[in-house]
Each structure stands twice: as structure tokens, then as C-alpha cells.
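Here the structure comes first, spelled out in C-alpha cells, and everything after it is commentary.
Structure, rendered in C-alpha cells:
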């Protein structure tokens, strides 16, 4: 028998711990695993041997339920880039030494694009070195919904539900005064506008929702936006705009770039924020109306009180699939969701080669965006709607939901 190691990486989600719970549940019933470890703070913590024992948690049904409903990464996260083997082979050697030291044969890394890059690099290293007693699998997560190889990503459905709900509430609030007002809402999405597209779901009960929806897949021109807002204000007192944080102008420059120099993270991603502020200021100066800039910020990925039951259930199942696969000697793969029937919404779970996922982005297809570039089509709503269905039964105590704390 051998040990299983699990770690989490990248931006947290409401559903990432449901995936962890699914892994623990499946692994606890497998005779090939005698101990389950959690790596604290992702691959960075693994290389520092920061492990906690999750074996007892895996068989505690009550605690697993609390873990299932806990937002953010219960094992902690990191944005630490594993260099290529050519740049730092020592890191790979150290990783394998640690695995052998702790008798770890199975590793599941829960994360997004950059985490799948880590899985791919480690799996490739093992193949080149003919290491045949260690297996690594990726379990997807990201609210950005930009992973290829899967119909949608765990965490996205809950974030979409939060955005749709909050946009519907904002739309109601925006119409209580007669003062001409424009509200610009900035929604996460550096290069993929899936989350911003979810704002269209705020219309499903007949509400107006956002007047304009701008995704980062299409160029965004402030002057064009201003002309449309000006026209709308002729017949209504309030205009609500949903805007991807990563919108760019026709020259490919981030709109938010005019605020301040933009830094990059460990993976070289430009840190974008402030598109709503730039747009609101421009509209105020151009049209002379009152404007507001609102950024949903971290609440998009942390609001467990608006979790999608479907999202949590699928995330749990993906964790189970990943665990069974890696313990069954699969390696260099990612667990994924395949949509089988669009009308009735049925899915199956499968494995895809992580090399086909790493360092690639799945953006919103242009044919899901209106020709005018300021809204989404019905096909997008049809794609999104099944993902936000259901309300999980949340365990409360003293009026607040229970959350689990795995480490200090």
C-alpha cells in the first residue's frame, strides 16, 4: 500500500473543496491507499514538505459535508511557477525525493491552467526518467471557465450564479431614482468573458438585467460605448453595464492600463483591474451624468451562500474520478466533464491528456456574442442555465454556515 497526496493551487473557488471531498471519499474506500496527505499551499508547500494528515477526515462523513460547503482552498493555495526541467532540474529531483521519502505513489493537483502545466511537467519528467511507480492526475477548477478539454470548470457554475443573482439585485436598485445614472460592473476574466456573460442570466425571470454586456473577446471602444449609453439615457434614467475586467481596445491594450503600470504574477499574467473605473470616469466626463464603478472582486469566487448545487455535485464527482484514476495507475491526465445532451442536460466524466490542456485558454466563441458586440446570444444562456441549478443544503450553527479549518 502507498500514500496519496492532494494539493490545491491558483485562485480559490466555492467548489474546490467539494472536489477535495470527492477525492477523500473515493480514496478512503480503496485498499491500495493506507494514508492520505494534504499539501499545504500547493506545489510550493509540497517542496517544503508541509503536509497534513487527512486520513481520518476522509472517513468522517459529518466533516466531509462541512468541507463540501466550505469556500476557498481548505489546503491553501499558491501562485508558484514550476520552472522547466531545463531551467531547474533540481526542483524535479527534489520533488521525487520527497515523494519517495514519504512513500507517496499518487498525487492529485487541483487547479486551473497553470496547475495543469505543473501536472504536465511532472508527468513528462516521470516518463523521461522511466519512473513507473508514481502517478499524477489533475483535477480542474477555475471560475474563469477557460480550461480546454472540459465542457465547463468546477467553481464556474457557482460564480455564475452569484453574478446573475447580484446583477438582478443591482438592476432593481438602479431603478429607484430618477437621476440619470450609469453603473458599470467589473467582472473577473482576464482573457475569457464567460463570467461576464453569466450576467445575462439575471434576465431569466423577466427582469431587464444589464443594458450592455462587454466581453474581453471583442474589442471595447469607450466612444462607441458612450454613444450607446447616451442613446439609452434618452428613454431611461438608469443604465447598467457588465464589463469584463480584461477588455481591450482595438489596439489590444487593456482599458485598465491607463490607471497605473500593470504588474505581472509569477506566471507572467498581467494583473488587470480597474476597467469599470476607467469606463465610469470616461462616461461621466463625456456625458455629464452620474456614474458608479463596482467591482465584484473576490466575492465572485467566495460567496458560498449562493453556491450552485449542480456545481458542487459535479465537483465532488470529478474528485472521485480523479482519485480512482490515479490509484488505478493513470498519469498525465485531467478529469473532465463531457456534456451529452444539451436539451435534458446530462454529462459523463472522462480523462483527457493534460498536455492538451496545459497553457491553453478556452475563450467565449464569437458566435455566442451579438454582432453589435455588447450582448450575448440565447445560445450562451442555454449553455449557462443548467450550471446554476439547485441550492445545496447548508449546515448552519448560531445563524452562520459552518466552515472547516484544516491548518493554521
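Numbering (this note's numbering), first residue to last: 568 to 975.
Here a beta-carbon is modelled for each residue, glycine too, at the ideal position from N, C-alpha and C.
Bear in mind the structure is a predicted one, so any value in this text is a computation, not a measurement.
- Contact between residue 725 and residue 921 does not hold, since their C-beta atoms are separated by about 24 Å, which reaches or exceeds 8 Å.
- By the CB criterion at 7 Å, residue 893 and residue 702 fall inside the cutoff.
- Contact between residue 610 and residue 590 fails: their C-beta atoms lie close to 17 Å from each other, not under 8 Å.
- Contact holds between the stretch 622-636 and the stretch 952-969, because three or more Cβ pairs, one in each stretch, are under 8 Å apart.
- For residue 694, there is no enclosing beta strand (DSSP E); the enclosing alpha helix (DSSP H) covers residues 680-695.
- Assignment of residue 964 by DSSP, reduced to helix, strand and coil, places it in the strand class.
- Taking the Cα of residue 969 as reference, the smallest distance to any Cα among 616, 872, 811 is reached at 872.
- Under the three-state reduction of DSSP, residue 924 is assigned to coil, being neither helix nor strand.
- Residue 576 sits close to residue 645, with the two beta carbons spaced by under 7 Å.
- Cβ neighbours of residue 813 within its own chain (closer than 6 Å, five residues either side excluded): 756, 757, 758, 783, 839.
- Non-local C-beta neighbours of residue 891 in its own chain, meaning closer than 7 Å and more than five positions away in sequence, comprise 593, ordered along the chain.
- Under a 10 Å Cβ-count criterion, residue 911 is classified as exposed, with fewer than 16 other Cβ atoms of the shown protein chains found around its own Cβ.
- Between residue 914 and residue 761 the beta-carbon gap is near 17 Å, outside 8 Å, which marks them as no contact.
- Residue 685 sits away from residue 885, with the two beta carbons spaced by 7 Å or more.
- A Cβ-Cβ separation of about 5 Å places residue 849 in contact with residue 789 under the 8 Å criterion.
- Considering only 877, 841, 805, 738, the residue with the shortest C-alpha distance to residue 858 is 805.
- Minimum Cα-Cα distance from residue 671 among the listed residues 691, 637, 620 corresponds to 620.
- Under the three-state reduction of DSSP, residue 862 is assigned to strand.
- Between the alpha carbons of residue 736 and residue 863 lies a distance of about 13 Å.
- In this structure, the beta-carbon distance from residue 919 to residue 716 falls below 7 Å.
- For residue 870, no alpha helix (DSSP H) encloses it, and the DSSP letter there is neither H nor E.
- Taken in chain order, the unbroken stretches of beta strand (DSSP E) that lie wholly in the stretch 722-786 and span 3 residues or more are 748-754, 779-781.
- Residue pairing by DSSP places residue 604 opposite 572, 620 in a beta bridge.
- For residue 652, the closest of 692, 616, 669, 680 by C-alpha to C-alpha distance is 692.
- The alpha-carbon of residue 809 is positioned some 19 Å away from that of residue 955.
- In the DSSP assignment, residue 659 falls within the alpha helix (DSSP H) that extends over 656-668.
- In the three-state scheme derived from DSSP, where H, G and I count as helix and E and B as strand, residue 953 is classed as helix.
- When DSSP states are grouped into helix, strand and coil, residue 815 belongs to the strand group.
- Residue 806 sits in a strand when the DSSP states are folded into three classes.
- Remark: C-beta atoms of residue 774 and residue 951 do not approach each other more closely than 7 Å.
- With a 10 Å radius around the Cβ and a threshold of 16 neighbouring Cβ atoms, residue 929 comes out buried.
- Counting only the Cα atoms, residue 811 lies some 18 Å from residue 770.
- Taken through DSSP and simplified to helix, strand or coil, residue 646 comes out as coil.
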